[in-house]
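Note sheet for the following structure.
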Amino acid sequence: EVQVLESGGGLVQPGGSLRLSCATSGFTFNSCAMSWVRQAPGKGLEWVSTITGTGGDTYYADSVQGRFTISRDNSKNTLYLQMNSLRTEDTAIYYCAKTLGGNYCPDYWGQGTLATVSS
Amino acid sequence: EIVLTQSPDFQSVTPKEKVTITCRASQSIGTTLHWYQQKPDQSPKLLIKYASQSFSGVPSRFSGSGSGTDFTLTINSLEAEDAATYYCHQSSSLPLTFGGGTKVEIK
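From first to last, the protein sequence lines stand for chains A and B.
Going letter by letter, the first sequence gives residues 1 to 119 in my numbering.
Going letter by letter, the second sequence gives residues 1001 to 1107 in my numbering.
Now the structure itself:
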């Protein structure tokens, strides 16, 4: 059974940093691209970032480019999102998602972790 | 960026009724269009991949169709548990994008 579990959310002031983690099991982690998708309170879904299975390629939404860094540790089956220079508009539930083989479409999602940026 | 436009934004439906949700892409994306269901306080769940392929464990009353720029999600014989917001998503090109969502309410 595929399992995806995020952690690391919390309350941070504007300009601060957070590091999200996503522990996975039940699939061959190093064979799958992984993504972060966020959802602001009461709003729709917004893609944030994707990393390939080897970690060799990373992709970002324009809204987070230069501030967020996606990474993975294939020895620990864990995905990360380092979020720096946080803004109030980054407040959202952040979902970690496994992607379909050969495509970046998310198939299995975690329950999400809430990051709140507020003074 | 490929923009996905869903309609309607909201639909109130009686049980056993048929529901049709459409998603239009701003440019052709072949069949790299996927559908998700998100119930309140839950994470999204993949229903349909590549426009018409049912994802594992999804009830047969959910189906998808379309290609190019116009896509449809159909729920045959709606059940009370289908109350949710439905999103389309394209993985044809980066940035990945989602439609704005369609909220389905049970009358």
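Note that the Cβ used here is the ideal one computed from N, Cα and C, for glycine as well.
All of these numbers come straight from a predicted model, not from anything done at the bench.
Best match in the options for proximity to residue i [C-alpha to C-alpha]
i	options	result
Ser1093(B)	Leu100(A), Asn84(A), Tyr104(A)	Tyr104(A)
Asp1082(B)	Gln1037(B), Thr1031(B), Gln1027(B)	Gln1037(B)
Ala1080(B)	Phe1055(B), Ser1012(B), Gln1090(B)	Ser1012(B)
Ile1021(B)	Asp1009(B), Pro1015(B), Thr1014(B)	Asp1009(B)
Val1104(B)	Ser1056(B), Tyr1087(B), Ile1002(B)	Tyr1087(B)
Thr1085(B)	Ser1052(B), Lys1107(B), Lys1045(B)	Lys1045(B)
Leu1033(B)	Ile1106(B), Ser1060(B), Lys1107(B), Ser1054(B)	Ser1054(B)
Glu6(A)	Trp1035(B), Ser1043(B), Lys1039(B)	Ser1043(B)
Pro1095(B)	Ala61(A), Ser17(A), Gly9(A)	Ala61(A)
Ser75(A)	Asn84(A), Thr24(A), Tyr59(A)	Thr24(A)
Ser119(A)	Gly8(A), Pro14(A), Gly9(A)	Pro14(A)
Cβ neighbour criterion (16 or more within 10 Å) applied to residue i
i	result
Val48(A)	buried
Gly1099(B)	buried
Leu86(A)	buried
Asp1062(B)	Sequence inspection shows Phe at residue 1062(B); the Asp mentioned does not correspond to that position. Burial call: buried.
Pro106(A)	buried
Leu45(A)	buried
Val64(A)	buried
Leu1073(B)	buried
Gly1064(B)	buried
Gln1006(B)	buried
Leu11(A)	exposed
Gly1066(B)	buried
Gly1101(B)	buried
Gly110(A)	buried
Thr88(A)	exposed
Thr50(A)	buried
Cβ neighbours of residue i in the same chain (closer than 7 Å, five flanking residues each side left out)
i	result
Val1058(B)	Leu1047
Tyr108(A)	Val2, Val4, Ala97, Lys98
Phe29(A)	Asn74, Asn77
Tyr59(A)	Ser49, Thr50
Cβ-based neighbour list, residue i, same chain, cut-off 8 Å, excluding 5 preceding and 5 following
i	result
Thr1069(B)	Arg1024, Ala1025, Ser1026, Gln1027, Ser1028, Ile1029
Ser1052(B)	Thr1031, Ser1063, Gly1064, Ser1065, Gly1066
Cutoff 6 Å; reference residue i; Cβ partners in own chain excluding five residues on either side
i	result
Leu79(A)	Cys22, Met34, Arg72, Cys96
Tyr1050(B)	Thr1031
Thr91(A)	Thr116, Val117
Lys1018(B)	Asn1076
Ile93(A)	Gln39, Gly112, Leu114
Lys1016(B)	Ser1077
Thr1097(B)	Ile1002, Leu1004, Gln1090
Gln82(A)	Arg19, Thr69
Lys1039(B)	Ala1084
Gly26(A)	Glu1, Val2, Gln3
Asn84(A)	Ser17, Arg67
Range of the contiguous beta strand (DSSP E) that encloses residue i
i	result
Phe68(A)	68 to 73
Phe1062(B)	1062 to 1067
Tyr104(A)	Run containing Tyr104(A): none; DSSP gives neither H nor E here.
Phe29(A)	Note, Phe29(A): premise wrong, no beta strand (DSSP E); not H, not E.
Ala1025(B)	1019 to 1025
Val1003(B)	Careful: Val1003(B) lies outside any beta strand (DSSP E) and carries neither H nor E.
Phe1055(B)	Neither: Phe1055(B) is in no beta strand (DSSP E) and is coded neither H nor E.
Asp1070(B)	1070 to 1075
Gln39(A)	34 to 39
Gly10(A)	10 to 12
Lys1049(B)	1045 to 1049
Lys1103(B)	1102 to 1106
Segment contact, 8 Å Cβ cut-off, at least three pairs: the stretch 89 to 107 of chain A with the stretch 27 to 42 of chain A: Counting C-beta pairs with one atom in each stretch, the stretch 89 to 107 of chain A and the stretch 27 to 42 of chain A have three or more that are closer than 8 Å, which means they touch.
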